[in-house]
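Residue numbers (the numbering used here), protein chains in the order written: chain A, -1 to 427; chain B, 100 to 410.
Take a look at the structure below.
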């Protein structure tokens, strides 16, 4: 059965495309991209006024299954991903139990095959139980399909342990994804250390808690030659460190989250726990440095750090509520609203920051709008208005930092391997 | 009356309202000198003391204030409450809201607890201390005490010494002093300062001895070791030698200057016994003012005028 995507603005930086073109899909694959294409029979979808991108990938998602299924499951999390325009997610291992062995990687992939509607790439733990003390079975996890390794949520505190992990992970050509946080500096902090922590009487997390570990891990990547990806960088200092390391030729990539790109600590005026995340919302100058890093290529990709939590967990005292905001469903709309609609970024850059950049950072399979590639395609209505209400989410959770906002631009259709997972803005299945 | 129905932070009261509170407190202070110290003003109104942290002086002070205004006061303390059974603050607040009380005084370990109550309760909230954030009635009674002792507030230079970063007293006193035209100076080693004391409006000094000669008020704080992640100085002995108020340091203060402390004191650490008990110390006057100021706050928040004049 053939499918013709007719007359969309097809944009793909890797394929060098930005033109009104047709795409023909057959048996889950792209078989043709060009002008005036036709199919003898099958379905034709009018894509005029739409932007057609290679499938977006999020390399930082918390799917919560197993163990915290009341927050999110592989089924609900992949539906949230499709709703937000993503065709693939890499999921973090801090589930319960932690994804720290081959059998747990296999569990995630089996559940994803049975229940998921987008591609799921498990990230395995660096250390057993993300306790930072002993290497997890990296080789076994690779054999079962783990794509990268991270102790996200905590970060490996010991430099010696990190060095061993990098040396070992390097042997498999895989990437270490670093959650950069020195716990002895972060303490019990819940917001950025500075004006807001002082005014609100909340314990602060200094920028240096992140930057000291960014500097450490860059030095260790230079020492070992391991591929290093820095999760959720949030400070101007981190961006400067990455810029310097890249100039020296270190294999380091990094991601920024929509909440760190489009919000800063000044948003925290009441004790709204949806604005409590780790790393915390930083100062305006940090936010500006992240956007600058995005524009000059220092920041390789946008990743959501989608962190669903139940209302009874978030409706607590600010210091007691868990860290995190959901992100899969709002990321693309935020990028359109704040970067594309303001002419800060073009669609080609969006394809880099949300498709090619994240895939390259973790070594995920490449997706292009070219014949021979799988039909993983995100179709965006750039003029769609999105009212972010609690009822609007496909995720099980609604702890969004952007709840109540009005955004521009929305994925209207998503194909994964030639199958519709989003149609007219509605999640399929 | 007051524009805000709550006093959760010093942002909830204007300079004019501070003046009104202090004036009203003065008339209640007179009542507190009588043999019969009770007014019918808040008869039939219910005041709940919701204390999630142990407290003697603040809870007792609010309790006496409520009783002297004839309000029905109820004490709800964490040890006897549902919270030990795992109930959330929000649910506790909803439960209390269903019982239709008029004013809740809340003390809580974490910042923002009063705001959370105000979201789900339809009554006035008074912050009796939230985490390391604010303690506005303490600041108001401190202003009252300073004015009684020194005859004015505007232009005073008030040194607040010690554990600023863990002090909700400083969190309210600094902005309160700014509102009345006084100059707050926080004096502490950098390990006991918040990240940005300037956003509260305080001058910062590290050296107490350098600060003393220019102070009208020397306000000492207890070091709250229980809130610190790590020991913020080498020893109590070294702290006392650099920041402890003793007779030698008191002699460096101007003659008219007073010494204050919100209590409880650690004698021998931030204050020596002879200073605490000296005639320059107004520490017990602070406690005394507390009742009158809290009566004023309750009276003004509950619109007591409709059931009779203040005194």
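All residues carry an ideal CB built from backbone N, CA and C; glycine is no exception.
Here the structure is a predicted model, which means the values were calculated and not measured.
If you draw a straight line from the C-alpha of residue 48(A) to the C-alpha of residue 378(A), how long is it?
By 1-based counting over the first chain, the position of residue 48(A) is 50. By 1-based counting over the first chain, the position of residue 378(A) is 380. So the two alpha carbons sit approximately 6 Å from each other.
Closest Cα partner of residue 312(B) within the set 275(B), 274(B), 354(B), 340(B)
As a first step, residue 312(B) must be located in the second chain, where it is residue number 213. Residue 312(B) has its Cα closest to that of 354(B), out of 275(B), 274(B), 354(B), 340(B).
Strictly by DSSP, which residues pair up with residue 429(A)?
No information on residue 429(A) is available, as it lies outside the stretch -1 to 427 that chain A covers here.
Alpha carbon to alpha carbon, what distance is there between residue 365(A) and residue 424(A)?
As a first step, residue 424(A) is located in the first chain; it is residue number 426 there, counting from the start. As a first step, residue 365(A) is located in the first chain; it is residue number 367 there, counting from the start. Rounded to whole angstroms, residue 424(A) to residue 365(A) spans 23 Å at the Cα level.
8 Å Cβ cutoff, residue 243(B) in contact with chain A:
Counted from its first residue, the second chain places residue 243(B) at position 144. No, because no Cβ of chain A sits closer than 8 Å to the Cβ of residue 243(B).
Nearest to residue 15(A) by alpha carbon, out of 415(A), 345(A), 357(A), 400(A)?
By one-based count along the first chain, residue 15(A) stands at place 17. Nearest of 415(A), 345(A), 357(A), 400(A) to residue 15(A), Cα basis: 345(A).
Where residue 166(A) sits in the DSSP three-state scheme:
Indexing the first chain from 1 puts residue 166(A) at position 168. In the structure shown, residue 166(A) sits in a helix (DSSP, three-state: H, G or I).
Mind pulling the alpha helix (DSSP H) runs of 4 or more residues that sit fully within the segment 281 to 356 of chain A?
282 to 294, 309 to 312, 329 to 333, 345 to 349
Chain A beta carbons: is any one of them nearer than 8 Å to that of residue 187(B)?
Working through the second chain from its first residue, we reach residue 187(B) at position 88. So yes, residue 187(B) belongs to the interface.
Excluding sequence positions up to five away, which residues of its chain have a Cβ less than 7 Å from the Cβ of residue 206(A)?
To locate residue 206(A), count along the first chain from 1; it is residue 208. The residues are 183.
In chain B, which residues lie less than 8 Å from residue 269(A) when you measure between Cβ atoms?
On the first chain, residue 269(A) is found 271 positions in, with the first residue counted as 1. Within 8 Å Cβ-Cβ: 210, 211, 214, 215.
Taking buried to mean at least 16 other C-beta atoms within 10 Å of its own C-beta, is residue 334(B) buried or exposed?
On the second chain, residue 334(B) is found 235 positions in, with the first residue counted as 1. Residue 334(B) should be labelled exposed.
8 Å Cβ cutoff met for residue 282(B) and residue 309(B)
In the second chain, the residue the question calls residue 282(B) occupies position 183. In the second chain, the residue the question calls residue 309(B) occupies position 210. In this structure, residue 309(B) does not lie closer than 8 Å to residue 282(B) by Cβ.
Per-residue burial, residue 428(A) [other beta carbons within 10 Å of its own, 16 or more giving buried]
Outside the modelled stretch of chain A, which goes from -1 to 427, sits residue 428(A), for which no answer is possible.
Is residue 366(B) close to chain A, meaning its C-beta is less than 8 Å from at least one C-beta of that chain?
In the second chain, the residue the question calls residue 366(B) occupies position 267. No - not a single Cβ of chain A is within 8 Å of the one on residue 366(B).
Which residues does DSSP list as the beta-bridge partners of residue 27(A)?
Within the first chain, numbered from 1, the residue matching residue 27(A) stands at position 29. Paired residues: 24(A), 372(A).
7 Å Cβ shell around residue 13(A) - same chain, five flanking residues per side excluded:
Locating residue 13(A) in the first chain gives position 15, counting from the first residue. Excluding sequence neighbours, residue 13(A) sits near 366, 367, 368.
Under the assumption that residue 154(A) contacts residue 125(A) (Cβ atoms under 8 Å), give the Cβ distance between them as a whole number of angstroms.
Working through the first chain from its first residue, we reach residue 154(A) at position 156. Working through the first chain from its first residue, we reach residue 125(A) at position 127. At roughly 6 Å, the Cβ-Cβ gap stays under 8 Å, so residue 154(A) and residue 125(A) are in contact.
Under 8 Å between beta-carbons, which chain B residues line up against residue 196(A)? List them in chain order, please.
Taking the first residue of the first chain as position 1, residue 196(A) is located at position 198. Chain B residues near residue 196(A): 293, 294, 295, 296, 298, 299.
For a test of the three-state rule: what should DSSP assign to residue 276(A), helix, strand or coil?
Residue 276(A) sits at position 278 when you count from the first residue of the first chain. Three-state result, residue 276(A): coil.
With respect to the beta strand (DSSP E) encompassing residue 253(A), which residues constitute its N-terminal and C-terminal limits?
In the first chain, counting from the first residue as 1, residue 253(A) sits at position 255. Run containing residue 253(A): 250 to 254, per the beta strand (DSSP E) assignment.
Cβ shell of residue 55(B) (< 8 Å), same chain only, five flanking positions each side left out:
Since the first residue shown for chain B is 100 and the last is 410, residue 55(B) is missing from the structure and cannot be characterised.
Nearest candidate by alpha-carbon position, reference residue 252(B), set 200(B), 238(B), 262(B)
As a first step, residue 252(B) must be located in the second chain, where it is residue number 153. Comparing Cα-Cα distances from residue 252(B) to each of 200(B), 238(B), 262(B), the minimum goes to 238(B).
Just mark residue 274(B) as buried or exposed, buried being the case when its beta carbon has 16 or more other beta carbons within 10 Å.
The count along the second chain starts at 1 and reaches residue 274(B) at position 175. Buried, since its Cβ has 16 or more Cβ neighbours within 10 Å.
In the DSSP assignment, find the beta strand (DSSP E) that holds residue 271(B) and state where it starts and stops.
As a working note, residue 271(B) is residue 172 in the second chain. Residue 271(B) -> not in any beta strand (DSSP E); alpha helix (DSSP H) instead, spanning 267 to 278.
Please list the segments of the beta strand (DSSP E) lying wholly inside the segment 234 to 315 of chain B, counting only runs of 3 or more residues, in order along the chain.
256 to 260, 282 to 286, 302 to 304
Contacts that residue 193(A) makes with chain B (C-beta to C-beta distance below 8 Å)
The residue you call residue 193(A) lines up with position 195 of the first chain. What residue 193(A) touches in chain B: 294, 295, 298.
Note down, one range per segment and in chain order, each alpha helix (DSSP H) of at least 4 residues found wholly within the segment 122 to 182 of chain A.
136 to 142, 157 to 168
DSSP on residue 207(B), reduced to helix/strand/coil?
Here the question's residue 207(B) lines up with position 108 in the second chain. Correct three-state label for residue 207(B): strand.
Is the CB of residue 225(B) under 8 Å away from at least one CB in chain A?
Sequence index remark: in the second chain, residue 225(B) carries index 126 (1-based). Cβ-Cβ to chain A under 8 Å: no for residue 225(B).
Using a Cβ cut-off of 9 Å, pull out every chain B residue sitting near residue 67(A), in sequence order please.
Here residue 67(A) is taken as the residue at index 69 of the first chain, counted from 1. Those within 9 Å of residue 67(A) in chain B number zero; the least Cβ separation is about 21 Å.
If you reduce the DSSP assignment to three classes, tell me which class residue 258(A) lands in.
Reading the first chain from its first residue, position 260 is the one you call residue 258(A). Here residue 258(A) sits in helix by DSSP.
Anything in chain A within Cβ reach of residue 267(B), meaning under 9 Å, just list it in chain order.
Numbered from 1 along the second chain, position 168 holds the residue referred to as residue 267(B). Per Cβ cutoff of 9 Å: 199.
Three or more C-beta pairs closer than 8 Å, one from the segment 230 to 247 of chain B and one from the segment 402 to 418 of chain A: is that the case here?
no
Here's the rule I'm using: 16 or more other beta-carbon atoms within 10 Å means buried, otherwise exposed. How should residue 215(B) be labelled?
Here residue 215(B) refers to the residue found at position 116 of the second chain. When all chains shown are included, residue 215(B) counts as buried.
Beta bridge counterpart(s) of residue 227(A) as assigned by DSSP
Looking up residue 227(A) in the first chain gives position 229. Residue 227(A) is bridged to 175(A), 251(A).
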